[in-house]
Amino acid sequence: MKKILSTLALATMLGFGLTGNVLAEEAPVVDAAPTEMVATPAEAAPVETVAPEALPAEAAAPEVAPTVDKGDTTWMMISTILVVLMVPGLALFYGGLVRSKNMLSVLMQVFVVFSLVSVLWAVYGYSLAFGSGSGPIIGDFGKLFLAGVTSDSLSDTFTAGVKIPEFVFIAFQCIFAGLTATLIVGSFAERIKFSAVLLFSAIWFTLSYIPIAHMVWGAGGYLLGQGALDFAGGTVVHINAAVAGLVGAYMVGKRIGYGKEALTPHNLTLTMLGAALLWVGWFGFNAGSNLEATGGAGLALVNTLFATAAAVLAWSIGEAFTKGKASMLGAASGAVAGLVAITPACGSVGPMGGIIIGFAGGFLCLWGVTGLKKILGADDSLDVFGVHGVGGIVGALLTGVFTAPSLGGTGKADFSIASQVLIQGEGVIITIIWSGIAAFIAYKIADLIVGLRVSEEAEREGLDTTSHGERAYNI
Amino acid sequence: MKFISAIIKPFKLDEVREALSEIGVQGITVTEVKGFGRQKGHTELYRGAEYVVDFLPKVKVEIAIDDKILDQVVEAIEKSAATGKIGDGKIFVFNLEQVTRIRTGETGSEAL
């Protein structure tokens, strides 16, 4: 325990030591600036826009120079809401895959973890990830409790001088944080204590999500400085969550009966519906990450469409050839795999590059949940690592390939595939190691304080009645 | 009186019901059941996990009838439930000792 605490303290000091600190009441104009990784040079033009009902006037009224476009602001609020649709999407996608006795426990874990992280995001998450500090690993406490942020505060976009209201940016990024933590639920589903899920999620979010998000997207972030491309969160969201999930699958242990009894999904109809909702929500996730309603958002939109469709085909073809039948679960999994794989790439690769990434994601994630799963030997219940980990890595690396202008990407003329893939690889490795260690610490602490696993009896009876006192289906 | 319990393929239920109505059977009871016989089960595949499903879904039809129409009833079920393929099911016939119609208190073949 002592050892863990000191490790924790060290990690925190490492983070905070590099930054300024202290609650500072500051000017409303901020540079939470995500990046300039995708330059959208030409599109700054259409500033005059949109009907008056687009949003209340004061939210968009800049004091002086920076432009706030009502179209951008509207798009970002719509994107934020679209991304929230991924919460029920993920809950149903996962929920359909467990046995009916554990349905509510999965829905509940997703719903409450999302809510927990959202509150933490407002309290300290946003400040540490995107606050005024510009350390390489973490922000600072300058915006603790969102101090100093008003409806006049502005956040940068990818275009110099074009801003969006900071509240909208805070909300948009909040959903990312919440969603990332909920992805992990799939790995230890059907056997973990509810209290352990919440405790783990809070600690892991603090130790891993925040620093990785800052490193990749925050001002002065290390990977951002290296030139790593992660448009909508392949490393920050998917690899990050997948590694935490895999560590969880090892540490929580296998479900009773795993490998011996049939642990069949109880409702693949819901799983398909969940995957479809995820797809819809992902448009907000990916195209919203452009932060402006421009052609760049359009590019992310088509990539999110075509790459995902390609991955559905890839998974179905792969199954048909290797198992003899293409399954609905496979097609739904393929969609998620494609969405994951295109996430880091969607803003910088062309549509054809995106389709290739989708195919690669579909085929390789199919291997991730079959061949690789056997090698890993963990009971990753709903294949979080096989889909999000493998898909995330495939996407992150191929982003370095298909961003090349010669392959239809938006990279500059001197874009070097080899060096970009190396940088992408560095991002992947840092995320894997960082999240792995942070997750290990977080599970250990949860284990020491509340214990990770429910009793054998509770597991056999199902978590719905034993953890939540209700059943999903009363027929 | 006889009591017939027939296990049939689920999609044959409507044909069986029609055939029984035609020969004047007044009522049947239907249950969804699972079981196995000579027809083998099948394999289900969920991503990497493969499960052999031994128990197949069938429908159980239960009928209480007068002795006089036994042969007709068995023949009607046999014909209407048949596909000629393995897994068509079986017809079990039992002796039925007593029947009571709850509403009227009638007993015996009047209650059928």
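Sequence lines, in order, name chains Y and L.
Just remember that my numbering sits 942 ahead of the position in the first sequence, which is counted from 1.
Just remember that my numbering sits 1084 ahead of the position in the second sequence, which is counted from 1.
Even glycine gets a Cβ: it sits at the ideal position worked out from N, Cα and C.
Between which residues of its own chain and residue i is the CB-CB distance below 6 Å, once the five residues before and five after are set aside?
i: Y/I1126; result: A1183, A1186 and G1187
i: L/S1089; result: E1146 and F1176
i: Y/D1325; result: V1311
i: Y/L1165; result: M1157, V1158 and G1369
i: Y/A1262; result: A1268
i: Y/L1281; result: W1224 and T1250
i: Y/A1155; result: A1071 and V1178
Determine, using beta carbons only, whether residue i comes closer than 7 Å to chain C.
i: L/G1125; result: Absent from the structure is chain C; the protein chains it does hold are Y and L.
Going by C-alpha distance, which of the options is nearest residue i?
i: Y/P1153; options: Y/T1177, Y/L1233, Y/A1302 and Y/V1278; result: Y/T1177
i: Y/T1352; options: Y/A1262, Y/G1237, Y/T1099 and Y/V1110; result: Y/G1237
i: Y/A1274; options: L/A1160, L/Y1130, L/V1137 and L/K1144; result: L/Y1130
i: L/T1167; options: L/I1112, L/L1154 and L/P1094; result: L/P1094
i: Y/F1142; options: Y/L1034, Y/M1193 and Y/L1165; result: Y/M1193
i: Y/A1320; options: Y/M1157, Y/S1093, Y/G1201 and Y/S1074; result: Y/G1201
i: Y/A1033; options: Y/A1381, Y/V1048 and Y/V1104; result: Y/V1048
i: Y/T1264; options: Y/S1409, Y/F1305 and Y/V1244; result: Y/F1305
i: Y/E1108; options: Y/G1075, Y/G1167 and Y/L1233; result: Y/L1233
i: Y/A1242; options: Y/A1256, Y/G1175 and Y/G1276; result: Y/G1175
i: Y/P1030; options: Y/K1012, Y/P1008 and Y/V1055; result: Y/V1055
i: Y/G1303; options: Y/A1007, Y/R1197, Y/T1341 and Y/T1148; result: Y/T1341
i: L/K1174; options: L/V1183, L/E1181 and L/E1159; result: L/E1159
i: Y/R1395; options: Y/E1132, Y/E1203 and Y/F1248; result: Y/E1132
i: Y/G1230; options: Y/T1009, Y/V1052 and Y/G1013; result: Y/G1013
i: Y/A1338; options: Y/G1169, Y/I1383 and Y/A1414; result: Y/G1169
i: Y/G1160; options: Y/G1300, Y/I1371, Y/I1383 and Y/T1099; result: Y/T1099
i: Y/T1015; options: Y/A1235, Y/L1349 and Y/L1271; result: Y/A1235
i: Y/A1287; options: Y/T1213, Y/S1137, Y/F1248 and Y/L1271; result: Y/F1248
i: Y/A1138; options: Y/H1410, Y/A1384, Y/D1406 and Y/T1408; result: Y/A1384
Less than 8 Å between C-beta atoms, sequence neighbours within five positions excluded: which residues of the same chain meet that for residue i?
i: Y/Y1068; result: K1085, L1088, I1112, Q1115 and C1116
i: Y/E967; result: Its pLDDT being 40, under 50, Y/E967 is placed unreliably by the model, and the measurement read from it follows with that caveat. Hits under 8 Å: A1089 and G1090.
i: Y/E1403; result: K1043
i: L/G1171; result: K1093, G1121, R1122, Q1123 and L1140
i: Y/F1118; result: V1025, A1155, G1175, V1178, V1179 and F1227
Starting from residue i, trace the alpha helix (DSSP H) in both directions and tell me its first and last residue.
i: Y/A1252; result: G1237 to K1265
i: Y/N1232; result: Note, Y/N1232: premise wrong, no alpha helix (DSSP H); not H, not E.
i: Y/D1014; result: K1012 to V1026
i: Y/V1158; result: I1152 to W1159
i: Y/K1386; result: I1359 to I1391
i: Y/T1407; result: L1405 to H1410
i: L/V1117; result: Per DSSP, L/V1117 belongs to no alpha helix (DSSP H); it is in the beta strand (DSSP E), T1113 to G1119.
Could you compute how far the alpha carbon of residue i sits from the alpha carbon of residue j?
i: L/E1134; j: L/P1141; result: 19 Å
i: Y/S1397; j: Y/K1135; result: 9 Å
i: Y/G1393; j: Y/S1129; result: 17 Å
i: L/K1096; j: L/I1153; result: 21 Å
i: Y/L1039; j: Y/M1045; result: 9 Å
i: Y/V1025; j: Y/E1401; result: 32 Å
i: Y/L1171; j: Y/A1144; result: 27 Å
i: Y/A1064; j: Y/A1071; result: 11 Å
i: L/F1178; j: Y/V1189; result: 59 Å
i: Y/I1365; j: Y/N1416; result: 53 Å
i: Y/S1060; j: L/E1116; result: 46 Å
i: Y/A981; j: Y/A1218; result: Because the pLDDT at Y/A981 is just 38, under 50, the model does not fix this residue reliably, and the value given afterwards should be weighed accordingly. Straight-line Cα distance between these residues: approximately 31 Å.
i: Y/A1279; j: Y/L1220; result: 11 Å
i: L/G1132; j: L/F1087; result: 46 Å
i: L/M1085; j: Y/G1199; result: 48 Å
i: L/K1169; j: Y/L1255; result: 35 Å
Going by beta carbon distance, what residues of the same chain come within less than 7 Å of residue i, once the five residues before and after it are set aside?
i: Y/F1357; result: T1345, A1346 and P1347
i: L/V1109; result: I1147, I1149 and V1157
i: L/V1100; result: I1092, V1145, I1161, S1164 and A1165
i: L/T1113; result: E1146
i: Y/I1297; result: F1248, A1249 and A1252
i: Y/G1276; result: A1253, V1254, A1256, W1257, S1258 and G1304
Which whole-angstrom value describes the C-beta separation of residue i and residue j, a residue pair presumed to lie in contact below a C-beta threshold of 8 Å?
i: Y/G1073; j: Y/G1162; result: That belief does not hold up - the Cβ atoms of Y/G1073 and Y/G1162 are roughly 11 Å apart, past 8 Å.
i: Y/R1041; j: Y/H1180; result: Contact doesn't hold; Cβ gap of about 26 Å is too wide.
i: Y/S1290; j: Y/F1173; result: 6 Å
i: Y/M1028; j: Y/V1110; result: Not really, about 18 Å apart at Cβ, beyond 8 Å.
i: Y/A1418; j: Y/S1258; result: Outside the shown range of chain Y (943 to 1417) lies residue 1418 of chain Y, about which nothing can therefore be said.
i: Y/L1314; j: Y/G1328; result: 6 Å
i: Y/L1308; j: Y/G1378; result: Not quite, the Cβ-Cβ distance comes to about 24 Å (not below 8 Å), so this is no contact.
Under DSSP, the beta strand (DSSP E) around residue i begins and ends at which residues?
i: L/I1088; result: K1086 to I1092
i: L/K1142; result: L1140 to I1149
i: Y/A1089; result: Element bounds for Y/A1089: n/a, residue is neither H nor E.
i: L/Y1130; result: H1126 to Y1130
i: L/E1134; result: A1133 to V1137
i: L/F1178; result: G1173 to N1179
i: Y/S1097; result: L1096 to D1098
i: Y/K1316; result: Unbroken run through Y/K1316 is the alpha helix (DSSP H), G1313 to L1318; no beta strand (DSSP E).
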